[in-house]
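Asks: There's a structure below that I have some questions on.
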Amino acid sequence: MPAHLSAKEKSEMNDKAISAIILCLGDKVLREVARETSA
């Protein structure tokens with residue numbers, strides 16, 4: 475992470491990264507569930 479960023483900017487970048495990871499994982503799980511043929 476660039477050193478010139480403020481603590482607030484670093485925190486915002488981290489929050490966005492975490493959100494992106496969660497969305498990707500959620501999408502992967504949804505795709506796996508959609509492939510299931512029975513409950």
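To convert, take the position in the sequence shown, counting from 1, and add 474; that gives the working numbering. No residue lacks a Cβ here, since even glycine has one placed at the ideal position from N, Cα and C.
1) Tell me whether A481 sits in a helix, a strand or coil according to DSSP, three-state version.
2) Can you tell me whether E510 is helix, strand or coil according to DSSP?
3) From K490 to I496, what distance separates their C-alpha atoms?
Replies: Taking the coordinates as given:
1) Note: A481 maps to helix in three-state DSSP.
2) Coil at E510, not helix or strand.
3) Looking at the two C-alpha atoms, the distance is approximately 10 Å.
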